[in-house]
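Residue numbers (my numbering): 44 to 209.
Working notes, structure below.
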């Protein structure tokens, strides 16, 4: 059984909050992904076995992809998709819907927070991830929004926070 102490969640910005936008070959995007991989591997080596991704475009999907790559080397780790609602990716560009679907198919666990979209379902998803975790890896640029709210909630719940500032 996986415990909270063995679980790590992710939070971070959508692509439009980064200076490179949707250019995922940009050096800064590559650097962020490398830093994510390094942070994830560090957590694995220190007892984390279970990772939770909120499956949003940007950091959530990048983190999920890095966990899946690391499963080749660390087959004991697991990945959970915390899905705010089944329609999460419905309005995304087809390219990102495909990536989302491929990652979802490789997840060890899928948790649907709400069967329908509501204005607060993303926040509920973020709280679920924090409540199930002892560590939060955050890619954060200091702006207000969902990432900041998740960080503040994680702090109030005494999670260990690994902040990858950009």
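Using N, Cα and C, we set each Cβ at its ideal position, and we do this for glycine too.
Cβ atoms of residue 202 and residue 182 stay farther apart than 8 Å, at about 15 Å. For residue 94, the secondary structure class from DSSP, reduced to helix, strand or coil, is strand. When the beta-carbon positions are compared, residue 101 and residue 162 stay at least 9 Å from each other. Boundaries around residue 51 are those of the beta strand (DSSP E), 50-55, since no alpha helix (DSSP H) includes it. Distances from the CA of residue 208 to each of 186, 195 and 198 were compared; the closest alpha carbon is that of 186. DSSP places residue 205 within a strand segment (E or B) once states are collapsed to three.
At the C-beta level, residue 85 and residue 125 stay beyond 9 Å of one another. Inter-segment contact for the stretch 69-89 and the stretch 137-151 is absent: fewer than three beta-carbon pairs are separated by less than 8 Å.
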